[in-house]
Each structure stands twice: as structure tokens, then as C-alpha cells.
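S.K.:
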Amino acid sequence: MQPRRSATVRLTHWMSALGIVALIVSGTAILLAHPRLYWGETGAVGTPALIDLPIPFLLGHSGWGRYLHFLAAWLCLASGVIYVIHGLASGHLRRMQPAYNVAQRYSYLLVVFVLGPLVLLSGLAFSPAIASVAPAIVNMFGGQQSARTIHFFVAAAIVIFVLGHVALAFKGGFRARMRAMISGHEAESS
4 MQPRRSATVR LTHWMSALGI VALIVSGTAI LLAHPRLYWG ETGAVGTPAL
54 IDLPIPFLLG HSGWGRYLHF LAAWLCLASG VIYVIHGLAS GHLRRMQPAY
104 NVAQRYSYLL VVFVLGPLVL LSGLAFSPAI ASVAPAIVNM FGGQQSARTI
154 HFFVAAAIVI FVLGHVALAF KGGFRARMRA MISGHEAESS
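Okay, so the sequence shown: first residue is 4 according to the numbering used here, each after it adds one.
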């Protein structure tokens, strides 16, 4: 019996899942170190913020969070590029359309082709190393702090998508869906 999901689709799914969990953990650590959002080029403690997030302000260095965030972002990028290339070359993206309703199809396309690239570019735009060699990316967002604010809201939208994705997996029979995403074969819901 031919698996419904190829090994490439399953591998990139789990790479993305691991990367997204690491991004959420590390992003939270980074945000706790400075839970304020600004607009423009600069923003710091003592300057007016666009938004003060209602979470604890734990001053300190979030070095481990930044390293993990950067590493996990590259893992997600690699899995996304592999998934899109495989999906286009194999016809997977065309074949999956009848399996999902219109809202699901559009939300997957929105995440893969709009939110994913936007969160990547906005993250690069407020990275000092990238900003120094590619200032056009920073200018595209109106400054490093604007890019950070946009990054926060796009990441929040992706987290909402992930929560919905997991909720649908539970609704459709979590064990069966997990089995299918591991083995590639559909099974009866349980």
C-alpha cells in the first residue's frame, strides 16, 4: 500500500514541529527580557513604547534564547524550502487540496507563502548582523524596532495557526493522525 504522505512530507512536518516549539520557547525568553514593542529605528528601556506587553519584565540577557531562536529559525526555513520544492515537484500541493476545506487550504497557503516569509524577513531585519550587511531589509520594515513589532504579531498569528492545526488533529482523532504522520498511512480515527 502506497503511503498517503511521503517520507519527505512527514520529515518536514516533524522538522517544522520541532523548530516551532523551539521558536516559541526561545521567543518567549527573548520577549520576557524586554516585553515592549516600538516603532521606527530605536527603542530601549526608558523610552516610550508603542506597546507594553502585560507580561513580567525580567531584565537580563537572553543569550541562550537568541541562539536557540536563530538555530530553530534555520531549521524551519530548511524544512519549509524542502517542503515547497517537494510539494511543487511531486504534485503534493495539488493533491492535498481536495482533502481540506477552503478555510484550511487558504490558511495553509497563507502560513507557507505569506506569514513564513514575512516572519523570516522581519526577524532578519532586526538582527544587527544582517542589518549591517543588508540595510534594505531594515528599510523595508521602517526600522529595526518596527521589524521586531511586525515579527511579534506575525509570529503570534503563526502560533494561532499551530494551535488550530493541533486542535484539528485532536478533533480528527489524535492517535490516528499521529500514526498517519509517522507512518504515512491513514488509519481509522480513535
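We put the beta carbon where it would ideally sit given N, CA and C, even for glycine.
(1) Tell me which same chain residues have a C-beta within less than 8 Å of the C-beta of I33, skipping the five on either side of it?
(2) Please classify L40: does DSSP put it in a helix, a strand, or coil?
(3) Using the rule of at least 16 other Cβ atoms within 10 Å of the residue's Cβ for burial, across every protein chain shown, is T15 buried or exposed?
(4) Among G46, I58, G22, which one has its Cα closest to the Cα of V162?
(5) Measuring only the C-alpha atoms, how far is P51 from H188?
(6) Excluding sequence positions up to five away, which residues of its chain have a Cβ less than 7 Å from the Cβ of S192?
(7) Report the CB separation of Q147 from W42 in whole angstroms; it is logged as a contact under 8 Å.
(8) To the nearest angstrom, report how far apart I140 and S130 are at their CA atoms.
(9) Only counting the same chain, and skipping five residues up and downstream in sequence, which positions put a Cβ closer than 7 Å to that of L118?
(10) Could you give the residue range of the alpha helix (DSSP H) that holds R3?
(11) For I27, I'd like the list of residues in its chain whose CB is within less than 7 Å of its CB, leaving aside the five on either flank, ordered along the chain.
(12) Which class does I58 belong to by DSSP, given the choice of helix, strand or coil?
(13) Near I153, what residues of its chain come up, given a Cβ to Cβ distance below 7 Å and the 5 sequence neighbours on each side ignored?
(14) Given a cut-off of 8 Å, decide if L35 and L61 are closer than it, judged by their beta-carbon atoms.
(15) So, using beta-carbon positions, are V115 and V87 closer together than 8 Å?
(16) What number of angstroms, rounded off, separates the C-alpha of S186 from the C-alpha of T45?
(17) Should S135 go down as buried or exposed, given a rule of 16 or more other Cβ atoms within 10 Å for buried?
(18) Between A102, S19, A132, F164, which lies nearest to R7 when the distance is taken from Cα to Cα?
(19) Can you tell which of A81, D55, H95 has its C-alpha closest to the C-alpha of L123?
M.R.: According to the data block:
(1) S65, G68, R69, H72
(2) strand
(3) buried
(4) G22
(5) 54 Å
(6) Per-residue confidence for S192 stands at a pLDDT of 44, beneath the threshold of 50, marking its modelled position as unreliable; no derived number is given.
(7) With a Cβ gap of about 11 Å, Q147 and W42 do not count as contacting.
(8) 10 Å
(9) V157, A160, I161
(10) The question about residue 3 has no answer here: the residues shown for the chain are numbered 4 through 193.
(11) V162
(12) coil
(13) S125, F144
(14) yes
(15) yes
(16) 49 Å
(17) exposed
(18) A102
(19) A81
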